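Report on the following structure.
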C-alpha cells in the first residue's frame, strides 16, 4: 500500500511531464518563462530587473513609518543596534566610520533589490513593487539624494547616482609582504603587548565562576555590552497554555526580532515590569493593538509586527505566549 | 548501589560537590543550582549518592564493565558521549538578533581536520529555512542556451565529486582589528570549519545549460528569508565551485544549506550561498547588498575594496589555547591548524618569543588544497612564560602577515579578512591568554 502510494506522485509527474532538456547529459527540465518570472527578482545597477510601476517619496513616508521605522528609526538613524540608513557623510575616513545607504552604498539599485527581497525583516518579499519604489525613494530622500518631489520608476531609479560610488575598487590583495625570517625578526624591546579585557566574552564553558556559558543566544546585546557580561537567564519553569504553545512558533519567526531585545519601545518578553501595565489593559486591547498596530508614547507596534501574512489567530497566540512569559 | 538516607547539611554539600566534580560547564552549574535548591528544602530531601568516582579506577572493576550495555540501534542516529561538551557558541552582543547572526566552531575540542557537521559554525542572514527537498528546485537561467529547472533527484544524476575543503567567514577574527577582545580560541578563530562536501561541479551544470559567450557572472541566490545573493565570476565557477548536497557522509545539515548549497572553495563563506534555489548567468555583477554594504573592506582613506573573495593563509595554535591551558610541565606537543584559500599549506613556523625567533613545525596528516592542515611541534615546558605564535606559508609563497603589517595597510575598520599572526600568552601557571603585540 505504502509502496503504491509513493508511486502516485511519480506517475503523475511522468504523465504531465515537462519538456526534457537537450543538454549534453539530458538531465533536468526546461525552466519555463513563468517559473523564471516568479523567482527572477534581482536588480542591477543599470536598472535591469526593475519592474513597471512607480512610487513617491510622499507615499514612502507613511510606508516607512509603518514598516521600517521601528527598527531603522523615524529618520533612518537606527533603533538600538539595528542598522542606521541615513547620515554618516564624511565619516568613512575617520575613527568612527558610519556606513549608511547615503554615506557608503555605491548603487541605488541595491536598495530596491534588498528591500524587495529581504525587508521587512520579519516579512520578506511581502512588499509590492509600488511599495518598494516608494520606500526606496523615501530612504534616498532621508539621505538627501533625491528631493521630496521624486517619483521612482524604472527610468528615474536607474539614473540615481550615489555619492560614494567612485570610492570602491576591486580587491588588490595580497597587500602585506611578510618575510619568512627565522632569527632576530623583531625587536622585543619595542613590543607593546595588549591584553584582553576580561569579562567581555563568555568563558563559563572553560573557566569556573566566570559568567554564563555561551551555549545559547541571550538576545540582549545592549544589556551585555553595558554590563560587560551577559546576564544569566531566570530558570523559573513556566507551563504554557495550548494557545501560547502554538504562539511560540509565530513569536520565533515574527515577533522576537523586536521583543527579545526590546527595541522601538517594544516590551521585552519576560520583562514583567514592562508588561504589567499592558497586561492590565486586558487581552482584547493587547490583541487589538497587535493585530491592527499601535502608536504609543514608548514606540510603534506595526500591525501584525509588519508581517501581514499572519492570521489574526497567529497574532493572538503569539501575544498569549509573550504575556504568559511576562507576568 | 548507594542507600537512601537523610543527610546532614555538611554531608549533603559534600555529596553535591563530589557529584559536580565529574561534570563540565553548564551541567555542573545547573547541578549545583539544583543542589542548592535541594539544600533550601532540606527537611524533605533524600538523595542517593552514586558510587564515588574513584571506585572505577584500577584495581577496582569499573561499573560499566560489570553489566551489559545497551544493544544495537539503541540510538539509530548516534550522538557524542554524554561526557563530551562539544558545542557551537556565540558572543551574544556581537549581533542584534539570532536570525541574522553568527556562532563559532569549538576548534579547541576538534580532533583531526574534519569538523563534525553538528558543530560547524553558523552564519545566517535570515534564519534557517525549513526546506522540503521534494519541493526544492534549482533554476538556472539568464544568458544560457537551455534554462533548466532541476529537482534534487535530477542533481544527483550528474557525475558527482567529494572534496575536503574549509569554509570560513571573512569576519573570522574581525573583532580583533582594534585590539585583543575575545577570551577564547572559539571566539578568535571559530568562524571556520572543514568538511567533506559532495555534489556536482558547477562547471558540469553550466555545460548542461550552455553559457552564452557574453555570460561572465553568475548570481547565486538562496531560498532563505534574506534571499541571500552574491555575484560569482564565471572563472571561479569553471574552476572549482561545487553545488553540494552532501556533507561529511550525509545530507547537508539545515544549518549548512539543506538540501543544496554552493561551495566556493577558499573564498569567503558568504559566497557559498546556502539553500541555493537560483543561478542566473549575466554579463555584469549585480552589486547586491552583501557585496556592497557588507563584505566590502573599508580602508583608512575612506575608500573600500570590493569582491574581496579569497581567504588568505592563516593559522592558529589550538593546543595550548585559553580553553586548553598547559596543566603539566614536561613534554608538550604544540598543535594547530593552518589553511589557505589559495591552495595547499607549504609550511608552518612557530615562535615562543612573540615573533623574534622562529622554528619550523611538522605538518601532519592530510595536506590538502584549501583544507585545514594540522601542524605539530614537540618541546618541553618548565613553567616559563611564552608568547606563542604560528605563521603559515602557502604554496604560492604567501607568508601570513603580522598584525602590524595588516594594520599598516588597512587600518582598524575593515572588519573582514584579518588573517594576521595570532599570539597566545602562556603564563607561568600554564594559563593561556589572548594578547596582541604591536
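Chains as they are written, first to last, in this note's numbering: chain F, 1 to 327; chain U, 1001 to 1438.
Positions of the beta carbon are idealized from the N, C-alpha and C atoms, including for glycine.
None of the values given here were measured: they were computed from a predicted structure.
- For the region 40-69 of chain F, the residues whose beta carbon sits under 9 Å from a beta carbon of chain U are, in order, 40, 41, 42, 43, 44, 45, 46, 48 and 49.
- Scanning the region 1316-1379 of chain U from its first residue to its last, the whole beta strand (DSSP E) runs of 3-plus residues come out as 1330-1339, 1345-1351 and 1362-1364.
- For residue 321 of chain F, the CB contacts under 6 Å within the same chain, skipping 5 residues up- and downstream, are 244, 247, 248 and 251 in chain order.
- For residue 1429 of chain U, the three-state secondary structure derived from DSSP is coil.
- Its chain contains 1106 and 1119 as the residues whose beta carbon lies nearer than 8 Å to that of residue 1087 of chain U, once the 5 sequence neighbours on both sides are disregarded; these appear in chain order.
- Under the DSSP definition of a beta bridge, residue 1189 of chain U lacks any partner.
- Listed along the chain, the chain U residues whose CB falls inside 9 Å of the CB of residue 184 of chain F are 1356 and 1357.
- Pairing residue 1246 of chain U with residue 1165 of chain U, the inter-Cα distance amounts to about 13 Å.
- When the beta-carbon positions are compared, residue 1128 of chain U and residue 1254 of chain U come within less than 9 Å of each other.
- Residue 282 of chain F and residue 68 of chain F have their C-alpha atoms some 28 Å from each other.
- Residues of the region 1177-1197 of chain U with a C-beta atom less than 7 Å from some C-beta of chain F are 1179, 1180, 1181, 1182, 1183, 1184 and 1187, listed in chain order.
- Using a Cβ-Cβ cut-off of 9 Å, residue 1309 of chain U is close to 171 of chain F, given in chain order.
- No Cβ of chain F is located within less than 9 Å of the beta carbon of residue 1119 of chain U.
- Going by DSSP, residue 247 of chain F is part of the alpha helix (DSSP H) stretching over 242-250.
- Looking at the DSSP output, residue 1304 of chain U shares a beta bridge with F:168 and U:1298.
- Looking at U:1320, U:1344 and U:1208, the one whose alpha-carbon comes closest to that of residue 1141 of chain U is U:1208.
- In this structure, DSSP gives residue 287 of chain F a helical state, which the three-state scheme calls helix.
- DSSP lists U:1193 as the bridge partner or partners of residue 1167 of chain U.
- Taking all protein chains shown into account, residue 1061 of chain U has fewer than 16 neighbouring C-beta atoms within 10 Å of its C-beta and is therefore exposed.
- Interface residue (Cβ-Cβ distance to chain F less than 9 Å): residue 1203 of chain U is not classified as such.
- Cβ contact annotation for residue 1189 of chain U (same chain, cutoff 7 Å, sequence separation greater than five): 1107, 1172, 1173 and 1316, in chain order.
- Listed along chain U, the residues sitting closer than 7 Å to residue 93 of chain F by beta-carbon distance are 1300, 1301 and 1302.
- With respect to chain F, the C-beta atom of residue 1132 of chain U has no partner C-beta closer than 9 Å.
- Segment contact: the region 1177-1184 of chain U against the region 194-201 of chain F, three or more CB-CB distances shorter than 8 Å; contact assigned.
- Neighbours of residue 1401 of chain U across chain F, judged by C-beta separation under 7 Å: 176 and 178.
- For the set F:323, F:312 and F:308, the Cα lying nearest the Cα of residue 241 of chain F is the one of F:323.
- Residue 1306 of chain U sits close to residue 1291 of chain U, with the two beta carbons spaced by under 9 Å.
- The bridge partners DSSP lists for residue 1230 of chain U are U:1220.
- Annotation: residue 297 of chain F to residue 279 of chain F spans about 16 Å, alpha carbon to alpha carbon.
- F:104 is the residue among F:172, F:145, F:157 and F:104 whose C-alpha sits nearest the C-alpha of residue 166 of chain F.
- Burial of residue 1242 of chain U is indicated by the presence of at least 16 other C-beta atoms within 10 angstroms of its C-beta.
- If you ignore the 5 residues before and after residue 1145 of chain U, its C-beta comes within less than 6 Å of the C-beta of 1210, all in its own chain and listed in chain order.
- The Cβ atoms of residue 173 of chain F and residue 1308 of chain U lie closer than 9 Å to each other.
- Near chain F, meaning a CB-to-CB distance below 9 Å, the residues of the region 1271-1286 of chain U are 1277, 1278, 1280, 1282, 1284, 1285 and 1286.
- Here the region 1324-1343 of chain U does not lie against the region 130-138 of chain F, with fewer than 3 beta-carbon pairs under 8 Å apart.
- At a cut-off of 9 Å between C-beta atoms, residue 1125 of chain U counts as an interface residue with respect to chain F.
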